[in-house]
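I have placed the structure first, in the form of structure tokens, so that the comments after it can refer back to it.
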Amino acid sequence: MKPEDTHVEKRDRQIMDAVLARALILGASVSGVVPAHLLIDCPSAQRAGLQGLVHESGSVIVLGLYHDPKCPEMDWWEEGRSTPGDRILYGITTALSRWLHEEYGREAHDIPYEVSAGGIYLKDAAVLAGLGVFGRNNLVLVPGFGPCIRFRALWADLEVKAGVSLCVSPCSGCSLPCHEHCPQQAFPGGQYNRERCLSRMDADKASVACDHGKTQNKVVNHCRNCEMFCVYSG
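Rendered as structure tokens:
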């Protein structure tokens with residue numbers, strides 16, 4: 000490696016550390032980073048067959064926001080507006096992108112939530128960024144927050160090395176109440192069945208669509224049993 004390469008790498012790492020700290024100041028509960036190329040053909044992309052955002056260079060900065068179970072409205076989904084929690088995260092990613100450009104002259108942009116719109120598999124990204132591990136409930140379990148956290152990300156023109164991912168699952172020895180209390184029985188044989196889970200979410204949204212016009216600002220309150228019955232709190 001050339002001396003100038005080492006200097007650039009060190010500088011990018013220093014800027015990234017400042018970005019991750021800034022994210023927490025702006026309101027994120029956790030922040031982490033993963034080299035963008037590691038998300039190409041990540042496990043979820045391989046299973047779903049849809050790639051989403053593809054970047055050979057730069058880094059994906061993953062932000063998490065704690066959703067206190069005492070504030071369920073943070074997760075209420077509204078047509079055309081997503082959820083209040085996601086709107087907060089979008090505000091943080093856009094503010095962080097602007098700050099990075101103003102302070103360091105580096106480009107960055109929010110990554111859309113939906114993979115089909117050029118997004119990424121956020122749970123994979125969060126795990127690769129070292130923020131948590133996949134639980135048996137198919138949610139990312141984050142130390143200090145458990146499964147009650149939502150993610151959004153931004154891409155930045157910074158090159159940093161991959162960090163160390165957490166690898167010890169807290170689900171070992173658990174009786175898995177998240178499986179037992181799933182109304183869709185979305186864990187047949189102990190394995191997550193995405194189609195069964197999505198069928199409930201689609202039905203919830205369809206129900207609201209049928210009532211459109213009868214009630215102003217109708218929101219969808221999705222099932223969260225796999226989250227609420229999880230005994231891991233970090």
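In numbering that gives the first Met the number 0, the protein residues as written are 0 to 233. Here a beta-carbon is modelled for each residue, glycine too, at the ideal position from N, C-alpha and C. Because the structure is a prediction, the values reported are computed rather than measured.
Item	Value
Enumerate, from N- to C-terminal direction, the unbroken beta strand (DSSP E) stretches of 3 or more residues contained entirely within the stretch 41-100.	58-65
In chain order, what residues of the same chain have a beta carbon less than 7 Å from the beta carbon of Gln183, not counting five sequence neighbours either side?	Arg195, Cys196, Ser198, Arg199
What is the DSSP secondary structure of Arg151, reduced to helix, strand or coil?	strand
Go through its chain and collect everything with a Cβ distance to Val167's Cβ below 8 Å, but skip five positions before and after it.	Val132
Quick one: any contact between the stretch 57-76 and the stretch 136-153, if contact means 3 or more CB pairs under 8 Å?	yes
Classify Ala27 as helix, strand or coil using the three-state DSSP reduction.	coil
So, helix, strand or coil for Ile14, using DSSP?	helix
Just to check my reading of the structure: Ile87 and Ala22 have Cβ atoms closer than 8 Å, yes? What is that Cβ distance to the nearest angstrom?	Not confirmed; about 12 Å, so no contact.
What residue range does the alpha helix (DSSP H) around Ala125 cover?	121-127
Across which residues does DSSP place Ala107 in a beta bridge pair?	Ala155
Please name the residue, chosen from Glu78, Asp156, Val163, that lies closest to Arg10 on a Cα-to-Cα basis.	Asp156
Below 8 Å between beta carbons: does that hold for Asn136 and Cys177?	yes
Output needed for Leu121: all residues of its chain with C-beta closer than 8 Å, excluding positions within five of it in sequence on either side, in chain order.	Val61, Tyr112, Phe150, Arg151, Ala152
Is it right to say Ser58 is buried, meaning 16 or more other beta carbons lie within 10 angstroms of its own, or is it exposed?	buried
Taking C-beta to C-beta, are Asp109 and Cys41 nearer than 8 Å?	no
According to DSSP, simplified to helix, strand and coil, what is Gly189?	helix
Quick one: grab the DSSP three-state call for Val230.	coil
Excluding the 5 residues flanking His100 on each side, which residues of the same chain have their C-beta closer than 6 Å to its C-beta?	none
The alpha helix (DSSP H) with Glu113 in it runs from where to where?	Per DSSP, Glu113 belongs to no alpha helix (DSSP H) and is neither H nor E.
Taking the C-alpha atoms as reference points, what is the distance between Val126 and Pro68?	22 Å
For Asp16, which of Tyr103, Ser174, Cys229, Val114 has the nearest alpha-carbon?	Tyr103
For Pro34, which three-state DSSP category applies?	strand
Using the Cα positions of Thr5 and Val159, report the straight-line distance between them to the nearest angstrom.	11 Å
Give me the Cβ distance between His54 and Ala27, rounded to the nearest whole Å; I'm assuming they're in contact under 8 Å.	His54 to Ala27, Cβ: 21 Å. No contact.
Mind checking whether Gly31 and Leu130 have CB atoms under 8 Å apart?	yes
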